[in-house]
Amino acid sequence: MKQIRDEMTTFLKQEDIQKLVGKLAAQIENDYEGREIIFICPLRGSVHFTADLMRRISLPQQVDFVFVRSTEKGGAISMQKDISINIAGKDVIIVEEIIDTGRTLSFLKDRLLAAKPSSLKIVTLLDKPARRELPIRADYIGKTIDDRYVVGYGMDSDEKGRNYSEIYVLKN
230 MKQIRDEMTT FLKQEDIQKL VGKLAAQIEN DYEGREIIFI CPLRGSVHFT
280 ADLMRRISLP QQVDFVFVRS TEKGGAISMQ KDISINIAGK DVIIVEEIID
330 TGRTLSFLKD RLLAAKPSSL KIVTLLDKPA RRELPIRADY IGKTIDDRYV
380 VGYGMDSDEK GRNYSEIYVL KN
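Following this note's numbering, the numbering of the sequence shown begins with 230 at its first residue and continues without gaps.
Okay, here's the thing in structure tokens:
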């Protein structure tokens, strides 16, 4: 059976991804020493990155999940599944696998800030500033990339390819 990755080339190998995750985990662990972190994982794409990141951080931590959806390109954004834990007065980190336009992330950030956390930061494995529509920045960035379509490690093409342990780009 043909796979999406058959039409793509490897962009980041598994060991390269894990090096980035380790670097980000070390930065977060240093910045939050002695504190508990609440990780917010946007479904579905960030599950792989969130799990790997959390395993690399030895600080006390919790995780909650949200599902934010954009109705269509440039359309309204809605919260399909909200957080279920109280984040007021807590240190919160949104975990994104990739920041593209920034629209859904901006929506989520504003929504979480309304819950009055003590701090709210963003960590992303990949940052694609060339596609940014809103001026949002991550506090922790694994790798900045050009405007290219990536699949794997949670990122998909029509819901396919999320399970790949490596990240792929379209062949030229």
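C-beta atoms are modelled at their ideal positions from N, C-alpha and C, and glycine is treated no differently.
Simplified DSSP state of residue i, which is helix, strand or coil
| i | result |
| --- | --- |
| S386 | strand |
| T330 | coil |
| L355 | strand |
| R391 | coil |
| L363 | coil |
| D375 | coil |
Residue i - partner residues in DSSP beta bridges
| i | result |
| --- | --- |
| S348 | D320 |
| I370 | T353 |
| Y397 | T239, V380 |
| E325 | T353 |
Assumed close pair residue i, residue j - CB separation to whole angstroms, cut-off 8 Å
| i | j | result |
| --- | --- | --- |
| Y393 | Y382 | 7 Å |
| V352 | V321 | Incorrect: roughly 11 Å between the Cβ atoms, too far for contact. |
| I328 | A359 | With 8 Å as the limit, I328 and A359 do not qualify as a contact, their Cβ atoms being about 11 Å apart. |
| K357 | D376 | 6 Å |
| Q290 | I314 | In fact, because the Cβ distance is near 12 Å, the residues do not count as touching under 8 Å. |
| L288 | E258 | 6 Å |
| G263 | R285 | In fact, because the Cβ distance is near 17 Å, the residues do not count as touching under 8 Å. |
| R234 | G331 | R234 to G331, Cβ: 27 Å. No contact. |
| Q256 | Y369 | 6 Å |
| Q243 | E395 | 5 Å |
Residue from the options whose Cα sits closest to the Cα of residue i
| i | options | result |
| --- | --- | --- |
| G318 | T279, I267, M308, F336 | I267 |
| P271 | S299, D376, K357 | S299 |
| A402 | I327, R391, I370, D311 | Since the first and last residues shown for the chain are 230 and 401, residue 402 lies out of range. |
| V276 | I370, I365, L354, K350 | L354 |
| F336 | E326, S348, S347, S307 | S307 |
| D387 | E262, L334, G274 | G274 |
| T373 | Q232, F240, K400 | F240 |
| L349 | D293, Y397, I316, A305 | I316 |
| M237 | V380, K389, R391 | V380 |
| E265 | Q309, S347, G371, L399 | S347 |
| V297 | T333, R340, A255 | T333 |
| E362 | L399, K345, G304 | G304 |
| Q309 | T279, D245, R340, L253 | R340 |
| E326 | K400, A280, Q232, K345 | A280 |
| F278 | K338, P364, L249, V295 | L249 |
Completely contained alpha helix (DSSP H) runs for the segment 231-318, where each covers 4 or more residues: The segment 231-318 contains these whole alpha helix (DSSP H) runs: 243-260, 276-285.
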